[in-house]
Amino acid sequence: MRERRYPDAVAGRFETPPITFTDGEGREIEIREYDDSEASYEALVAMYDSFDPSDRAQGIPPGGESRVREWLDAILTDDCLNVVAWCAGSVAGHATLVPDDEAYELAIFVHQTYQRAGIGTRLIRGLLGCGQAAGIEQVWLTVERWNRAAVSLYEKIGFETSNTESFELEMALRLNESTDDTAAENDSDDGSAE
Amino acid sequence: MHVLCGIGGSDDSLRALEQTVDRAAVAGDDLTIGVVENPNAEIAVEEVIRRAEAAIAAAGIDATVRHVEGDPGSRLVDIAEQEGFDRIVLGGGHTSPMGKISIGPIAEFVLLNSNTSVTLVR
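Read top to bottom, the protein sequences are chains A and B.
Using the numbering used here, you'd call the opening residue of the first sequence number 592 and step up by one each time.
Using the numbering used here, you'd call the opening residue of the second sequence number 11 and step up by one each time.
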């Protein structure tokens, strides 16, 4: 596999959920960690089942309720981190961190009804707050090159472009100081890394 | 149909190999497996060639396996055009644990530069 570059500097601290705020349209929004209840699960399914297919990216969310359920079953597991934005009992958005070999892949979806109201920014910050609290070190994501709004949001948060070879732009963020030996190579000359 | 299936040892290319061989057995395609050197693959070229030959033998078809040296994408496009292939078949991309599909540089090059129709196997 090719190398993914992460920023040297650790990102600033992110607030942890629960987070409540009024969005750009005057709606009360609450961001909470996913609680694994059946009601939350079904509310997520309903959000993705009515998600505009033209906002899909690289095959997710998948089309059709049964595929949505299969996909959610794979990413709502204990080793993943999931954060949900609620508005009056409905899911407005969902963000997730899913582990791969060395790091966590991030994805975020805001339902069309709730887009362009500042929810995505709060949601991703809430997810990264959970990630920081859980001790996650490295996060990466992919985004379509033409999606300037998303790219500038990720840049504002601290993501840096890590790979430009593919169709999609790959970006990476360092959430916590590294504790493992391989990532501490940069510090080997002063020997101060613990 | 005269089919060129390009594989380099990634998981998606091995799935493409399997499906292409199965289809050839039913449709009677004239199949060539081009084994390319994919620097991102974890399996060596010799092992990929061995697997291709095993898949062909298991399906009981008559197909050619050949080692394609040089830049994988451009060589596949060249071979398909110069030797009159009707279709290039490639793996359909890597799926991350998140479920996101991404297409590798070889498939990207072939898609953008080939005059021959291209199939990505999902």
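Every residue gets a Cβ at the ideal spot worked out from N, C-alpha and C, and that includes glycine.
If you're wondering where the values come from, they're calculated on a predicted model, not measured in any experiment.
Quiz prompt | Glu-656 (chain A) versus Lys-110 (chain B) - alpha carbon distance | solution = Taking the first residue of the first sequence as 1, we reach residue 656 (chain A) at position 65. Taking the first residue of the second sequence as 1, we reach residue 110 (chain B) at position 100. Roughly 18 Å between the two C-alpha positions.
- Are there 16 or more other CB atoms within 10 angstroms of the CB of His-685 (chain A), so buried, or fewer, so exposed? The residue labelled residue 685 (chain A) in the question sits at position 94 within the first sequence. Result: buried.
| message | Within the continuous alpha helix (DSSP H) that includes Asn-123 (chain B), where are the two ends? | response | Within the second sequence, numbered from 1, the residue matching residue 123 (chain B) stands at position 113. Start and end: 115–123.
### Query
Using a Cβ-Cβ cut-off of 6 Å (strictly less than) and excluding sequence neighbours within five positions of Phe-750 (chain A), which residues of its own chain qualify?
Within the first sequence, residue 750 (chain A) is the residue found at index 159, counting from 1. So the qualifying residues of the chain are Met-762 and Leu-764.
Using Cβ-Cβ distances below 8 Å, what residues of the region 673–695 of chain A are close to chain B? Thr-687, Val-689, Pro-690 and Asp-691
Practice task
Mind listing the chain A neighbours of Pro-115 (chain B)? Cutoff is C-beta to C-beta under 9 Å, in chain order.
Solution key: Locating residue 115 (chain B) in the second sequence gives position 105, where the first residue counts as 1. Those are Glu-756 and Ser-757, listed as they occur along chain A.
In chain A, what lies closer than 9 Å to Ser-106 (chain B) by C-beta? Position 96 of the second sequence, counting from 1, holds the residue named residue 106 (chain B). The contacting residues are Gln-649, Val-689, Asp-691, Glu-696 and Thr-733.
| Taking the alpha-carbon positions, what's the Cys-678 (chain A) to Arg-618 (chain A) distance? | Residue 678 (chain A) sits at position 87 when you count from the first residue of the first sequence. Residue 618 (chain A) sits at position 27 when you count from the first residue of the first sequence. Their Cα atoms are separated by approximately 7 Å.
In the structure shown, what three-state DSSP assignment does Ser-112 (chain B) receive?
On the second sequence, position 102 is the one that residue 112 (chain B) refers to. The answer is strand: DSSP assigns Ser-112 (chain B) an E or B state.
Should Arg-713 (chain A) be labelled buried (16 or more other beta-carbon atoms within 10 Å of its own) or exposed? As a position in the first sequence, residue 713 (chain A) is number 122, starting the count at 1. Looking at its Cβ environment, which holds 16 or more other Cβ atoms inside 10 Å, Arg-713 (chain A) is buried.
Can you pull the chain A neighbours of Ile-98 (chain B), defined as C-beta to C-beta under 8 Å?
One-based indexing of the second sequence puts residue 98 (chain B) at position 88. Those do not exist, as Ile-98 (chain B) stays about 18 Å from chain A at its closest Cβ, beyond 8 Å.
query = Which residue from B:Cys-15, B:His-12, B:Val-13 and B:Ser-20 puts its Cα closest to that of Gly-114 (chain B)?
reply = Taking the first residue of the second sequence as 1, we reach residue 114 (chain B) at position 104. Cα-wise, what sits closest to Gly-114 (chain B) is B:Ser-20.
**Asked** Whose C-beta lies closer than 7 Å to the C-beta of Asp-670 (chain A) among residues of the same chain, with five residues either side of it excluded?
**Response** Taking the first sequence and counting its residues from 1, one reaches residue 670 (chain A) at position 79. The residues are Pro-690.
*Identify the residues that DSSP records as bridge partners of Gln-729 (chain A): which are they?*
Within the first sequence, the letter at position 138 stands for residue 729 (chain A). Gln-729 (chain A) is bridged to A:Arg-765.
Please decide whether Gly-109 (chain B) counts as near chain A, where near means a Cβ-Cβ distance under 8 Å.
Locating residue 109 (chain B) in the second sequence gives position 99, counting from the first residue. At least one chain A Cβ lies under 8 Å of Gly-109 (chain B).
Worksheet item: By Cβ distance, which residues of its chain are closer than 8 Å to Leu-744 (chain A), with the 5 residues on each side in sequence left out?
Response: In the first sequence, counting from the first residue as 1, residue 744 (chain A) sits at position 153. The residues are Gly-711, Thr-712 and Ile-715.
* **Residue-level contact to chain B via CB, Gly-737 (chain A), 8 Å cutoff** => Position 146 of the first sequence, counted from the start, is the residue given in the question as residue 737 (chain A). According to the sequence provided, residue 737 (chain A) is Trp. The question's Gly does not apply to it. It does not; no Cβ of chain B falls within 8 Å.
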